[in-house]
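Here the numbering used here is used: the first residue of the sequence shown is 1004, the next is one more, and so on.
The block underneath contains the structure these notes are about, expressed in structure tokens.
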Amino acid sequence: MRRIVSLCLLFSLLALLFSSCGSKGVDETPFAMDTAVIFKLSGEKASSAFSAAKEELFRLETLLDAEGETLQALADGESIQNTELAALLSRAAELGDKTGGALDVTLYPAVKLWGFVDQKYRVPSEDELEALKPHIDYHGISIKNNEISLPEGFEITLGAVAKGYAGDRLAEICRDAGLESGILSLGGNVRLIGDKSGAPFKVAIRSPEGGNALMLALSDTNIITSGAYERYFEENGAIYHHILGPRTLVPARNELTSVTVISRDGTMADALSTALFVMGKDRAMEYYRKYGAEDGFEVVLLTDSGEAFLSEGLRGSFLSASEEYPVTYFGR
């Protein structure tokens, strides 16, 4: 069996064009949440903002880690009283309902079974997957007065919401420290703080081949991408990626290679980048038409046939696209 794992280096799926921070800035890359977290902060408050944000980053890493003490205690049958975690799980459940179950934070047993946790990759048998299905349903999470508990055999992964949530928390802390401009990158999750000297940042959405599919001008928002080429392995000539369908427990197979969601709400953007990928192109477009204006998000869909579908609200942000990715807009 031959195994291949894609490497997410620095900005992973997104390349940001940002000038040097200069003498009154911070350019640091601590490692947390299983990725290089890039801080590019400018201005006199950059150093104090970074110190406060880094402390919060490591706190969130401990709280939200699927293998960490808190979530493992839940998996072991303990009840946990935690207001922050209860709120995040409640939000994930709301998004699960809204996406028709395309988002499910109880997928962790299946993620482990496929080997995406310990890198011992393998294709599970149908019997193994069927045996797991009764233990994967976010409706089984009990939250009462901020006390959380799980049924036996359930485990939680917050991989589809944690980095988006963290990006917003870090941005909030940076702003509270007086920062006006900066970039935070947590793998494929990027949070822009303010703008770049009065102008939007230029953000390149990467193609699976490694080049730039298109360029957007954006400010003060999240740009969060989920792609079939982020983590995957090959077995007997077939490719298996890490984005599993909550009902099938197998990698979602459709014409999409990546989904990018742009919104000031990082938790929602993170969740939708995964859920819309699971849905596929047509259902993702329909979801945008139904909820895009109401919930305040825009979408970029890249397909395996080399097309880029942009939601209508991005017309004013679009700068350019490569010849390999002709752009089509879809509206509300």
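Here a beta-carbon is modelled for each residue, glycine too, at the ideal position from N, C-alpha and C.
Query                                                                                                                                                      : Result
Round the Cβ separation of L1279 and V1303 to the nearest angstrom and send it over; I've been treating them as touching at under 8 Å.                     : No, L1279 and V1303 are not in contact; Cβ-Cβ is about 10 Å, not under 8 Å.
Quick one: Cα of L1074 to Cα of I1159, how far?                                                                                                            : 7 Å
For P1211 versus G1230, is the C-beta distance shorter than 8 Å?                                                                                           : yes
If I measure Cβ to Cβ from E1064 and keep anything under 6 Å in the same chain, skipping five residues before and after, which residues do I get?          : A1035, M1036
Can you give the Cα-Cα distance for F1180 and S1222, rounded to whole angstroms?                                                                           : In the sequence as displayed, the identity of residue 1180 is Ala instead of Phe. Distance between the alpha carbons of A1180 and S1222: 19 Å.
Would you call T1331 buried or exposed, if buried means 16 or more other Cβ atoms sit within 10 Å of its Cβ?                                               : exposed
Within the continuous alpha helix (DSSP H) that includes Y1332, where are the two ends?                                                                    : Looking at the DSSP string, Y1332 is not in any alpha helix (DSSP H); the run it does join, the beta strand (DSSP E), is 1330-1333.
My output table needs one value for Q1122: the three-state DSSP class, helix, strand or coil.                                                              : coil
Within the present structure, is the beta-carbon of K1115 separated from the nearest heavy atom of the ligand FAD by less than 7 Å?                        : With respect to the ligand FAD, the structure offers nothing, as it holds no ligand at all.
Tell me whether the beta-carbon of T1109 lies closer than 8 Å to the beta-carbon of I1146.                                                                 : no
Nearest to A1078 by CA position, among Y1328, I1186, F1157, A1255, is which residue?                                                                       : F1157
Using a Cβ distance threshold of 8 Å, determine whether the region 1244-1261 contacts the region 1280-1290, with at least three qualifying pairs required. : yes
Under 8 Å between the Cβ atoms of I1227 and A1165?                                                                                                         : no
Just list the residues that DSSP pairs E1150 with in beta bridges.                                                                                         : Q1084, K1147
Taking 6 Å as the limit between beta carbons, can you name the residues of its chain near S1261, skipping five residues before and five after?             : T1228, G1230, L1305
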